[in-house]
Each structure stands twice: as C-alpha cells, then as structure tokens.
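Following: one structure in structure tokens, then a few remarks.
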Amino acid sequence: TISQRDDQIVISDSEHTRTLYPDGKKHEEKDENGKKISTKTEWQGDELIAETKMHSGKLTETYQVSSDGKQLIVVSRYDNSSLSGPLSIRRVYDMENAARDSQK
C-alpha cells in the first residue's frame with residue numbers, strides 16, 4: 339500500500355512500513371538495531387529516488403510506475419565495501435486494480 343501527502347510518502351506491506359520525505363533533505367532515524375541511518379528522497383523526473391546511508395553501506399531505491407500505469411518497478415541497489423560489487427534487486431508489483439481490470 340502506498341499513500342502520498344504533500345510532504346511524505348508511506349509505503350506499507352505485511353511486515354514493514356516506511357515513510358519517505360521527498361524534499362531532497364536528509365532525514366535521520368534509527369534502524370531496528372538502534373543504529374543511526376539517514377535517508378534523502380527526491381523526485382528525479384518520474385522516478386522517486388531514496389538514498390539511505392547506514393553504518394554498513396548505502397542503499398539506493400528507485401521507484402517508478404510502468405508506462406502503462408499497471409506496475410510499480412522498484413530497483414534496490416546496495417553498495418558496501420565488503421562486497422565484490424554492488425548488489426542490485428529489481429522487483430515488479432502489479433497494481434491491484436489494474437490486474438482486475440485486465441481480466442474483464
């Protein structure tokens with residue numbers, strides 16, 4: 339579930355809720371282990387980019403709606419000096435209403 343207000347975007351699934359502030363400023367919070375992390379979120383064209391700096395590395399998440407508006411594409415890239423290279427994961431979510439509409 340994604341909800342958007344003027345100053346924040348809330349993304350929730352069955353296990354986690356994440357609040358992003360797309361104002362281009364760093365927002366600090368603590369992770370589940372109590373360690374400080376900072377996230378900077380901003381719109382770049384039609385993509386929402388969230389860069390999170392943690393003690394163990396940097397996570398860059400890119401959110402984009404597909405050109406037909408029926409899917410949300412999320413690319414997560416994790417950079418850490420202990421890895422041989424960046425780890426990248428691409429997830430594609432079907433929009434709930436779009437999936438029902440295409441079956442009609």
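Take any residue in the sequence shown, note its place counting from 1, add 338, and you have its number in the numbering used here.
C-beta atoms are modelled at their ideal positions from N, C-alpha and C, and glycine is treated no differently.
On a predicted model such as this, the values are computed, not experimentally measured, just so you know.
Using a 10 angstroms sphere on the CB of Thr339, the tally of other CB atoms stays under 16, which defines it as exposed. Counted as a single uninterrupted DSSP element, the beta strand (DSSP E) harbouring Ser341 occupies residues Ile340 to Gln342.
By the 16-neighbour rule on beta-carbons within 10 angstroms, Leu358 is buried.
The three-state reading of DSSP puts Glu434 in helix, counting H, G and I together. Between Ser394 and the set Lys374, Ile387, Ser352 and Leu386, the nearest pair of CA atoms involves Lys374. Look at Leu425 here: in three-state DSSP terms it is strand. The continuous beta strand (DSSP E) containing Lys396 extends over residues Gly395 to Val403. Taken atom to atom, the span from the alpha-carbon of Glu370 to that of Arg415 is near 20 Å.
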